[in-house]
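Under our numbering, the first residue of the sequence shown carries the number 4, and numbering increases by one thereafter. Cβ coordinates follow ideal geometry from the N, Cα and C atoms, glycine included.
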Amino acid sequence: MTVAIKNAPRVRRLTLSDFRSYAALDCRFESPMIALFGENGAGKTNLLEALSLFSPGRGLRRAELAECARRGGSGGFAGSIEVEIDGATTQLGHGLTASGERLFRIDREPATSARAFADYVRVLWLTPAMDGLFSGPAGERRRFLDRLALGVDAEHGARANRLERALRNRNRLLEEGVSDRRWLDAAEQEIAALGVAVAAARRETVSRLATLIAAGRNDASSFPWADVTIEGELEQRLGLEPALVVEEWYRGELAALRRRDAAAGRTLIGPQASDLAVRHGPKNEAARACSTGEQKALLMGLTLAHAKLVDAMTGQAPILLLDEVAAHFDVKRREALYDELQALGGQVWMTGADPALFEPLWGRAELLLVTPGRITSA
Numbered sequence: 004m005t006v007a008i009k010n011a012p013r014v015r016r017l018t019l020s021d022f023r024s025y026a027a028l029d030c031r032f033e034s035p036m037i038a039l040f041g042e043n044g045a046g047k048t049n050l051l052e053a054l055s056l057f058s059p060g061r062g063l064r065r066a067e068l069a070e071c072a073r074r075g076g077s078g079g080f081a082g083s084i085e086v087e088i089d090g091a092t093t094q095l096g097h098g099l100t101a102s103g104e105r106l107f108r109i110d111r112e113p114a115t116s117a118r119a120f121a122d123y124v125r126v127l128w129l130t131p132a133m134d135g136l137f138s139g140p141a142g143e144r145r146r147f148l149d150r151l152a153l154g155v156d157a158e159h160g161a162r163a164n165r166l167e168r169a170l171r172n173r174n175r176l177l178e179e180g181v182s183d184r185r186w187l188d189a190a191e192q193e194i195a196a197l198g199v200a201v202a203a204a205r206r207e208t209v210s211r212l213a214t215l216i217a218a219g220r221n222d223a224s225s226f227p228w229a230d231v232t233i234e235g236e237l238e239q240r241l242g243l244e245p246a247l248v249v250e251e252w253y254r255g256e257l258a259a260l261r262r263r264d265a266a267a268g269r270t271l272i273g274p275q276a277s278d279l280a281v282r283h284g285p286k287n288e289a290a291r292a293c294s295t296g297e298q299k300a301l302l303m304g305l306t307l308a309h310a311k312l313v314d315a316m317t318g319q320a321p322i323l324l325l326d327e328v329a330a331h332f333d334v335k336r337r338e339a340l341y342d343e344l345q346a347l348g349g350q351v352w353m354t355g356a357d358p359a360l361f362e363p364l365w366g367r368a369e370l371l372l373v374t375p376g377r378i379t380s381a
């Protein structure tokens, strides 16, 4: 089944220079579904990481950019993609110079940041490192939550980063025992404004995602629907009061709790303490209490739902990067996954060590063999 979506960006060409294991790569692609297979360490995930850097942030590995430069190379790296949208092609480029300067280009003209790429591509991903999301620390779920929000709002990451810096500044002022209250007042005013903005974006994303999931939920699906809510005092108040009222309340709480936060060495109230709560919908059970297999299927279902939300809210089908996605699913669920991915209508990139994992895709996907530094047709 082929689904036509008006705005479904396709990466038609990828070039890399001194990126990870690739000294130089220039590869063209034809299909909306691309399966990369090869031995462990061949460089499959490196390709997905290169694509993920066309999204705001540090990519799917969350690595420092200098780590992406090839060992023995120039000390920097460069990557570009040619993206086809409605028959027109745009070139996006990014790189890191040997001196540590990050560069961005759109059709070879300078761009300010990776946020500018959101007009052309929205990139989402799922990696094995996310398998423990539901049972792991809340910080990982907050990071996942911010990726959900970033998928529909390219400015969210910048706001979240500014909030983190503002919180560190307040913590430093408290630690140093600054006597001039005006410094803390100014810091807390900034935190209150940014904190409410971040909490509001998260809350809206989760609310919209929950509505979309509820509208299409199917208890018999191979990928169970998720009941998602956000737990946090700011988010709860935003459901009851205007943002300006919540902002003023938050600023007052920060001022009142300075002594407690100074003793703790960190700011204890705010969106940095929120959590994403997920339940297995058909079983009505907390995701963290589900089996490993159930958690994997639930996370896949949540990823599919998020891709649909991005499409609905931006009018742009996202590019989906799925690293080692099929290895732990049985044959029936694997086939169901490929059908679901094709129905999304966006371009999908998948990796796996065993080419047999992709047998159901013969004739409807581009299967490529990855060997160190090279990509060849299967």
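- If you look at H309, you'll find it in the alpha helix (DSSP H) that goes 295 to 317.
- Per DSSP, the continuous alpha helix (DSSP H) segment holding L50 begins and ends at 47 to 55.
- In the DSSP assignment, Q350 falls outside any alpha helix (DSSP H) and carries neither an H nor an E.
- Excluding the 5 residues flanking it on each side, I84 has same chain C-beta neighbours closer than 6 angstroms at V14, L17, L95, in chain order.
- In this chain, the alpha helix (DSSP H) harbouring R263 covers 261 to 267.
- Residue ranges of uninterrupted beta strand (DSSP E) with 3 or more members, entirely inside the segment 42 to 128 and ordered along the chain, are 80 to 88, 91 to 99, 105 to 109.
- In the three-state reduction of the DSSP assignment, T214 falls in the helix class, which pools H, G and I.
- According to the DSSP secondary-structure assignment, A280 is paired through a beta bridge with T232.
- In the three-state reduction of the DSSP assignment, E33 falls in the coil class.
- Under the three-state reduction of DSSP output, I194 falls in the helix class.
- The C-beta distance from G318 to N10 rounds to 6 angstroms, short enough to fall under 8 angstroms.
- The segment 321 to 330 makes contact with the segment 36 to 56, as at least three CB pairs between them are under 8 angstroms.
- Assignment of T18 by DSSP, reduced to helix, strand and coil, places it in the strand class.
- Taking M316 as reference, the option from G79, L153, L129 with the minimal CA-CA separation is L153.
- Per DSSP, reduced to three states, the secondary structure at T379 is strand.
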